[in-house]
Every structure is written in C-alpha cells, then in structure tokens.
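Chains as they are written, first to last, in the numbering used here: chain A, 2 to 307; chain B, 281 to 792.
Written out below as structure tokens is the structure these notes cover.
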Amino acid sequence: MQGYILRKLISLPLILIGVSLLVFISIRMLPGEPARVMAGPEATQEAVDAMTVRLGLHRSIPEQYATFAISALQGDFGESIRSRLPVWDEIAQRLPYTLALAVTSYILAIAVGVPAGMLAAIYRNRPPDYIVMVFAIAGASIANFWMALLAMNYFSVHLGWLPLLGANSWQSYILPSVTLAVLPMAVIARMTRSSMIEVLSQDYIRTARAKGLPVSKVYWSHALRNALIPIVTIVGLNFGGLIGGAVVTETVFNWPGIGRLMVDAVRYRDYPVIQGVTMVAVFGVVVINFAAEMIIAALNPRIRFD
Amino acid sequence: MPSLSILRKSLLASVFVGAASLSAAAIAQELTVMQSEAPRSMDPGDQSATFTNALLAPVYEGLVLRAPDLSLVPGLATEWEPNADGIEWTFTLRDGVVFHDGTPFDADAVVYNFERHLDTDRGLAASGRLRTFLEGVEKVDDYTVKFTLQGPYPAFLNILTTNAGQIVSPTADAEGNLGAASVGTGPFQMAEYRSGEFVLQEKFADYWGDNSQSVEAIRWTWSSEPSVLSMALQTGDADVINPVPPAFAQVIDANPELELHVSDGSAVFWVALNTEAEALSDVRVRQALNFATDRDGIVNAIMSGYATPANSPLATVSEGYNPDLDPYPLDLDRARELLEEAGYGDGFSMSVVVQEHESRIGEVLQAMWAEIGVELDVRRMESGVWSAAAFGNVEQKAQEGVDSVIASWSSGVNGPDLQFRPLYHSSSFAPGSANLGFYHSEEFDSLLDEAAATVDVDARNAIYGQLQEIVNEDAPHVLLYVSRDLYATREGVENVWMIPGGLVRVDTATKR
C-alpha cells in the first residue's frame with residue numbers, strides 16, 4: 002500500500018510535466034495569434050508584430066517553455082495577456098466558485114441518483130424502473146446548456162423565482178448546480194441500478210433475507226455497501242467530465258468560476274491562463290481519482306494496490 | 281460543444297416567444313450594462329474593440345469629444361487651430377483637469393500620451409492608427425501643444441475622439457498597471473475590475489465638467505450567449521444590453537417594459553474576393569457574383585430586416601456616402617451573361633471562409649450563387665482560426681485555397697479614408713492590413729491619396745463619390761449590407777446614446 006501511494010506521488014509531477022508540454026505545444030499549434038486576437042481586427046500588422054514581441058511570443062517554443070517551466074516551479078504562472086493580472090490570482094479568485102458548484106452538483110447527483118438507481122433495481126422491469134431509466138437516458142443525452150437556457154427562461158424570466166445570473170446568493174446555486182448535476186445524476190442512477198441488480202442476486206443477500214432481516218436493512222446496509230464500489234469509481238472518474246460541464250454551465254450562467262475563465266482565455270488566446278487553468282484542473286482530476294481509489298480500497302478490503 | 285450554435289439557433293426560433301414578467305430590485309442609481317464580449321484591456325490605447333471602447337468611454341476622454349448629435353466638441357482641449365496647409369495643429373488645453381489618480385492634466389501629459397504611441401518598442405495595439413499620419417507632438421507651454429502631421433489628414437480630429445487619442449494618466453502608465461486598472465479624466469473612475477465578472481465604475485468627484493445628473497455607478501458585465509443578453513434585460517439583471525441580437529429584437533420591442541433602440545450603423549458586411557484566384561481575377565466574374573446576390577433577401581434572412589442593403593463600399597452614416605448608387609440589382613440573367621463572356625458559362629467552384637457566428641451568410645450565398653452555377657464551399661471557422669486564414673497573404677491563400685472571405689469593417693463616423701484605405705488601397709494587402717482580396721487599382725490609389733490631401737470638405741467628398749463608383753465597378757467585394765445598431769434599455773433608463781458602429785454611451789445615463 003505504501004509503495005503504491007509513493008508511486009502515485011512520484012507519478013503526479015510526471016503527469017503534470019507531460020500535460021503542461023502537451024497543452025503548451027497544442028495551444029501554440031492553434032491558428033490565431035494572441036496578439037492579433039487581442040489587438041482586434043482593425044489593428045495594423047505593425048501593431049500586432051510589436052505586441053507579439055512584447056508578449057515574448059516571437060521566441061521559439063522550447064525557449065518559451067523553459068521560461069514558463071522555471072517560473073511555474075516557483076509557483077508563478079505568469080500574467081494574463083488580457084487582464085494583466087497574475088494567472089494565480091485569476092484562478093484563486095474563481096476556483097472556490099467552481100468547487101462550490103461542483104460539490105453542490107455532486108451532492109445533488111448522488112442524493113438523487115443513488116436512491117433512484119436502487120428504486121429501479123428493486124422494481125426491475127416494472128414501472129418505477131422504466132420511469133427512472135427514461136429520465137436517466139434523457140439526462141445523459143440532453144445538451145446541458147440547452148436545458149440551462151430553457152430553465153433560465155422558465156424559472157427566472159417567466160416565473161421570476163430564481164436569479165438568472167451570477168453567484169450572489171444561495172438561490173443562485175440552484176439552476177447551475179441542477180444543470181451540472183443532470184449528467185452525473187443519470188450516470189450514477191444507471192450505475193447504481195446495474196450494480197444493485199448484480200448484488201441482489203448474490204447468495205448472501207438471499208441468506209440475509211432468509212434469516213428474516215428487515216427489507217430496508219437488506220437493501221441499505223448489505224446491498225448498497227457493495228453496490229457502492231462501482232459508484233465511487235464512476236464518481237471519481239467523472240470529475241474530469243464535471244470540469245468539462247462547468248465550462249458550458251458557467252458560461253451560460255455567468256458563473257465566476259474557472260470554466261468561464263477558460264472559455265474567455267481560449268477565445269482571446271490567452272496562453273498563460275489556458276496553461277494555468279489546465280494545470281490546476283489536471284491536478285484536481287489526478288488527486289480526486291487517487292482519493293476515489295483509496296475510498297474503494299476502504300470499502301472493499303479485498304482490493305489491494307500493489 | 282460543436283453543436284452549440286446549431287442548437288442555440290433552434291432554441292432561438294422555438295422558445296423565446298413568451299413575454300417577460302417581473303423586474304428584480306436593482307441597487308438604486310447603479311446602471312448595469314451587459315455586452316456581448318469581455319473587455320480586452322483597461323488601457324484604451326492597447327486594444328481596438330468596439331465593446332471595450334464602450335466600456336472605457338465613461339473613464340477616458342480625448343482632446344476632442346464626440347457629442348450625442350455626432351458633432352465634434354471641445355474635450356480636454358478647449359480650442360484648436362490648423363496652420364494653412366493643415367500640417368500643424370495647435371491645441372489649447374483645458375485648465376483645472378485632474379486624472380483619477382490625482383495627476384494634473386497638462387501639456388506634459390498630452391505629449392507623454394502620444395509619444396507612447398509613437399514609440400514602436402511599446403507595441404500598443406492602437407498605435408498603428410496614429411502612426412500612419414502623426415509625425416510628432418510638442419509642448420508649447422503648460423497648456424498648449426502642437427501636433428505635426430506627416431501630411432494633411434482629414435480624419436485627424438475624428439481620431440482624437442477615439443481610443444487611440446484618449447488620454448491616460450502618465451503616472452499610471454509609467455507604473456505599468458494600466459492594462460488592469462484604468463485611470464483617465466472622465467466623469468467616472470474605475471472602482472473594481474473582476475476579470476471574469478464585472479467592471480464597476482463610480483462617479484468621479486473631481487470631474488472638470490458637470491456629471492451630477494447621471495447615475496452614481498455603472499456596472500459592466502458580459503455574456504457571449506445572445507439569449508442570455510435578452511433574458512438579462514427582461515429580468516432586470518441588465519438595464520442596458522448592447523448589442524441586441526436581431527433575432528430577439530421583436531420580442532424586446534413588443535415588451536412595454538423594454539425599449540429597443542435602432543439606428544444606422546457603420547459596419548459594412550462584404551465578401552472579399554481574392555483577385556489573385558483564377559476565376560475571380562476576371563472583373564466580369566466578380567460582377568456576376570454581385571448581380572447574383574439578393575441583398576434584400578440576405579437582410580431579411582440574416583438580420584431580421586435590421587440592416588440596409590449595401591449599395592456602396594461606404595456605410596450610410598459615412599461622410600460623402602452616395603445614397604443614389606444602385607450598381608447591382610438582383611439580375612440572374614445578367615450574371616449568367618457575364619460568366620458566359622468570361623468563359624465560365626458552365627459555372628465554377630470557389631471557397632469562402634467565415635466565422636461561425638456569421639456562417640449563415642455563407643449558407644445563404646451558397647444557395648443564391650448556385651443559381652448561376654457557382655458552387656460555394658463554405659468553410660466555417662472559430663474566430664481565431666478564421667482570422668489567421670482571412671489575413672493570409674497571397675501565397676498562403678493560394679496554398680490553402682481561400683478564394684473569398686466574409687467579413688465586415690466599421691470606421692464609425694471617422695471619415696471615408698478609414699474605410700477605403702485599409703480595405704482597398706494597394707498598400708493595405710493582408711496581412712499588413714485588411715485588403716483581403718489584394719485589390720489594386722492605380723486610379724483608386726491616386727484618387728484616395730488626393731482626397732486625403734484635400735482640405736476642402738466638398739471637394740474631398742466629390743472625390744469620395746468617384747471612389748465609390750470605382751469600387752462598385754471593379755467589384756473587389758460582393759457588398760452585402762450595412763448593419764443597423766441595436767441596443768435596448770429597460771423602462772426608466774434615459775440618456776443612453778449610440779455612436780454608429782455599436783459604441784453605446786452610458787456615461788450620461790439616468791435611471792428612475
């Protein structure tokens with residue numbers, strides 16, 4: 002176990018270096034120079050060239066990467082081309098909003114998805130199962146920005162119940178987190194259902210029933226505990242997807258998180274911000290996946306990481 | 281994500297028929313303005329984007345200002361006088377003006393501002409516009425400066441009203457933080473900038489003019505989703521939205537709580553034809569495409585009617601614009617005839633590069649030109665990718681097979697030279713400037729230079745009249761339409777106005 006953790010800890014910096022190289026090079030492969038995009042279409046080429054030099058983008062990619070890597074090791078991701086603020090400050094300002102949204106959505110997704118999946122498994126091939134599965138399939142297929150716009154128009158514009166934009170009160174969390182929760186909720190419900198169905202056919206469940214345990218105890222403590230393993234795996238692996246979803250959701254709701262920061266950064270070819278946000282997101286995904294593995298090990302003592 | 285814009289469109293069409301109901305309680309005397317893009321810099325001299333200019337307009341001023349009736353009025357200069365040949369201009373500066381950081385405004389500040397643009401090492405984004413005509417600026421005394429131009433330049437005073445001529449605090453600029461925190465002399469000063477959320481501007485107590493009537497604070501926000509702009513206005517999350525997506529204009533117009541403002545704009549939309557491409561090097565082919573273009577149809581299909589079909593390379597609000605031209609009425613027979621004469625009776629195929637949000641223009645043209653046997657390959661691109669393709673030089677365009685580019689150009693109300701020169705002069709070939717189809721005509725070049733050196737307005741406009749006819753005849757572009765400027769306000773918001781080209785002005789706004 003210790004060996005495994007140690008290997009994980011060693012691999013983290015390697016992953017970060019690999020990803021940083023990949024991102025660094027690939028954004029520079031994108032057509033569209035930052036100076037041209039920032040200066041605007043009406044700027045003269047002379048102005049664009051001068052700006053390119055000022056931003057240090059006239060240097061070779063290895064040279065640029067070396068500068069970036071040396072500063073990044075010292076915790077400095079440089080300055081945003083657009084806002085001129087340190088990239089770290091930009092990220093630090095917004096990360097709490099994204100995390101808050103992600104956590105709210107995940108709580109919501111689990112709180113609804115797990116019981117719904119259990120319900121579907123218990124009433125397998127009967128109406129409750131069909132209803133849950135219709136919602137799960139729809140939830141996994143509907144584009145979340147589209148649903149977001151519909152919900153905004155109905156609940157904010159039409160009924161006036163919920164705030165339309167921003168993160169100004171707890172009510173502001175409702176629409177974005179529901180929007181963001183729909184996809185993981187659907188995935189979790191489906192996963193819980195199949196995992197429960199499998200567990201429910203096991204001998205020990207029959208035994209538990211046969212010895213007269215109350216039904217609720219059979220389902221909640223015997224079956225669910227074992228069914229949780231694939232669910233935790235999914236939750237852990239889906240964290241990256243959640244960040245991806247946040248990009249769209251935050252943009253639509255003007256949510257001041259790193260997803261929206263990323264969209265603006267890509268639009269304006271704000272290389273330092275793209276690099277910074279990617280590194281932070283990758284770090285987050287790796288850590289969450291690692292945490293998920295540890296939880297799985299705790300849930301199932303038979304699993305050994307060697 | 282690639283399906284985003286398609287779904288968005290179907291959404292526009294289907295969902296937003298319902299009217300708005302409520303209004304959220306806003307903080308009294310704070311005006312919220314929502315635009316379609318995030319600001320690019322807090323330094324007016326380091327960007328050249330309309331929506332950023334609108335956001336910075338309450339904070340910065342030029343020596344000359346644009347009044348709501350679009351005339352030029354004294355700003356940080358009280359008067360100005362050119363010498364006989366229009367090369368030297370002497371400005372008397374306003375006394376008693378201070379920047380928001382307390383720095384006094386004087387001749388040194390003015391000289392500093394223009395020198396930072398003339399300094400090529402600075403690489404400021406808006407400098408190019410000044411460097412094309414400005415030789416130097418010198419201090420005469422504390423409140424007098426003298427500008428020396430490279431030659432007579434009709435747009436000089438106009439440019440002093442724009443972002444390139446806006447005066448920033450020399451102290452703040454020297455500290456190097458102007459990109460993140462604006463410091464000017466305007467009626468509002470920047471209070472807070474959260475780059476992912478908003479820019480907050482508050483009234484400046486020591487303003488030299490009278491700013492007592494307007495709102496106390498202006499909050500700028502932005503969203504790239506057109507439907508979000510419209511919803512934000514309906515809920516009261518925004519008091520002003522700019523621009524109004526044409527598809528939402530009628531919904532807003534029908535709502536008694538909202539007011540839609542429509543005025544003539546200055547952005548001319550066109551297809552630049554690559555005159556170096558085989559078929560398109562023949563003027564008859566270019567004219568044929570113009571004859572095959574149903575401009576009224578495009579205006580209705582793309583702009584919901586909120587545009588004027590283009591009959592000239594100049595916008596309808598431009599000085600010297602000739603409203604009587606009608607060079608290319610829809611005439612498919614004439615178009616086929618021209619193609620036949622040029623040896624393309626069986627048609628030909630060509631490509632066009634277009635930004636995603638304008639791609640419908642390409643699709644509509646594809647259908648229209650198919651009528652005369654022209655097969656148009658529409659290449660939709662993300663804007664940064666598009667910009668790299670559109671501004672490619674002759675070789676790059678040949679290599680990538682780029683035969684035409686859909687784009688637009690707006691020179692506001694700053695004079696025809698700023699429209700003609702970058703788009704059609706032979707010194708403006710891409711990538712250096714925006715002659716994207718490499719059009720070159722000696723007659724055009726020499727007349728344009730002659731106009732620039734003509735001080736008399738009527739004589740100059742007569743030349744601009746000729747230039748419009750030359751461009752129409754040579755057809756380097758398929759001219760499409762001139763957009764109209766649409767912005768909307770909530771009931772009770774007054775004294776908002778528009779500089780043609782989409783630059784909304786809210787610094788005089790009041791709110792009930």
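Glycine residues also receive a C-beta, built at the ideal position from the N, C-alpha and C atoms.
Just so we're clear, the structure is a prediction, and the values are computed from it rather than from any experiment.
Test item: CB-CB of residue i and residue j under 8 Å
i         : j         : result
Met-470/B : Val-339/B : yes
Gly-592/B : Asn-752/B : The displayed chain sequence assigns Ser, not Gly, to residue 592/B. Their beta carbons are under 8 Å apart, which means Ser-592/B touches Asn-752/B by this criterion.
Glu-568/B : Ser-763/B : As written in the sequence, residue 568/B is Ala, which differs from the Glu given in the question. It is not a contact, given that the beta carbons lie outside the stated cut-off.
Ala-228/A : Thr-193/A : yes
Ala-710/B : Gly-672/B : yes
Met-39/A  : Tyr-269/A : yes
Leu-759/B : Ala-590/B : yes
Gly-33/A  : Val-665/B : yes
Gln-309/B : Glu-496/B : yes
Ala-405/B : Asp-326/B : yes
Ile-230/A : Asn-301/A : yes
Ile-498/B : Gln-514/B : no
Tyr-744/B : Gly-600/B : yes
Ile-686/B : Val-634/B : yes
Ala-224/A : Leu-201/A : yes
Leu-540/B : Val-563/B : no
Ser-708/B : Arg-701/B : yes
Nonlocal neighbours in the same chain, by C-beta distance under 8 Å from residue i, ignoring five residues either side
i         : result
Glu-723/B : Ile-750
Gly-57/A  : Gln-65, Thr-68
Arg-474/B : none
Met-661/B : Val-633, Val-634, Gln-635, Glu-636, Ala-669
Tyr-107/A : Ala-182, Pro-185, Val-236, Leu-243
Any chain B beta carbon closer than 8 Å to residue i
i         : result
Thr-45/A  : yes
Asp-265/A : yes
Met-52/A  : yes
Met-153/A : yes
Gly-241/A : no
Met-39/A  : yes
Ile-16/A  : no
Thr-308/A : Outside the shown range of chain A (2 to 307) lies residue 308/A, about which nothing can therefore be said.
Leu-165/A : yes
Ser-21/A  : no
Ser-157/A : yes
Residue i at chain A interface by Cβ criterion, 8 Å
i         : result
Ala-306/B : For Ala-306/B, the predicted model reports a pLDDT of 41, less than 50, meaning its position is unreliable and no value from the coordinates is stated.
Val-548/B : no
Ser-301/B : Note that Ser-301/B scores a pLDDT of 31, beneath 50, so its modelled location is shaky and nothing firm can be said.
Gly-403/B : yes
Met-511/B : yes
Thr-788/B : no
Gly-365/B : The question names Gly, but residue 365/B is Asp in the sequence shown. It does not: the Cβ of Asp-365/B has no partner Cβ on chain A nearer than 8 Å.
Glu-539/B : no
Cutoff 6 Å; reference residue i; Cβ partners in own chain excluding five residues on either side
i         : result
Arg-261/A : Glu-251, Thr-252
Arg-792/B : Gly-772
Val-313/B : Trp-500, Val-520, Val-786
Ala-187/A : Ala-137, Gly-140, Ala-141
Lys-677/B : Asn-554
7 Å Cβ shell around residue i - same chain, five flanking residues per side excluded
i         : result
Tyr-624/B : Ala-559, Val-565
Val-278/A : Ile-92, Ile-259, Leu-262, Met-263, Ala-266
Minimum Cβ-Cβ distance from residue i to chain C less than 8 Å
i         : result
Gly-118/A : Of the protein chains in the structure, A and B, none is chain C.
Going along the stretch 444-466 of chain B in order, which residues come within less than 9 Å of chain A, judged by CB to CB distance?
Gly-456, Asn-457, Leu-458, Gly-459, Ala-460, Ala-461
Could you run through the stretch 708-724 of chain B and flag, in chain order, every residue whose CB is less than 8 Å away from some CB of chain A?
Pro-711, Gly-712, Ser-713, Ala-714
At least 3 beta-carbon pairs within less than 8 Å: the stretch 426-435 of chain B vs the stretch 728-738 of chain B
yes
If we count Cβ pairs, one from each stretch, closer than 8 Å, do we get three or more for the stretch 501-511 of chain B versus the stretch 316-331 of chain B?
yes
Is there contact between the stretch 373-387 of chain B and the stretch 447-455 of chain B, where contact requires at least three CB pairs shorter than 8 Å?
yes
What residues in the stretch 88-103 of chain A bring their beta carbon closer than 8 Å to a beta carbon of chain B?
Glu-91, Gln-94, Arg-95
With a threshold of 8 Å, are at least 3 pairs of Cβ atoms found where one atom belongs to the stretch 542-557 of chain B and the other to the stretch 607-616 of chain B?
no
Check whether the stretch 125-132 of chain A and the stretch 488-500 of chain B are in contact - that is, three or more C-beta pairs closer than 8 Å.
no
Can you confirm whether the stretch 395-412 of chain B touches the stretch 359-372 of chain B when touching is taken to mean that 3 or more C-beta pairs between the two stretches lie within less than 8 Å?
no
Pull out every residue of the stretch 404-436 of chain B whose Cβ sits closer than 8 Å to any Cβ of chain A, in chain order.
Leu-404, Ala-405, Ala-406, Ser-407, Gly-408, Arg-409, Arg-411, Thr-412
For the stretch 95-115 of chain A against the stretch 234-252 of chain A, are there 3 or more C-beta pairs whose distance is under 8 Å?
yes
Give, in chain order, every residue of the stretch 647-673 of chain B whose Cβ lies closer than 9 Å to some Cβ of chain A.
Met-661, Glu-662, Ser-663, Gly-664, Val-665, Trp-666, Ser-667, Ala-668, Ala-669, Ala-670, Phe-671
Does the count of Cβ pairs from the stretch 643-658 of chain B and the stretch 574-581 of chain B closer than 8 Å reach three?
yes
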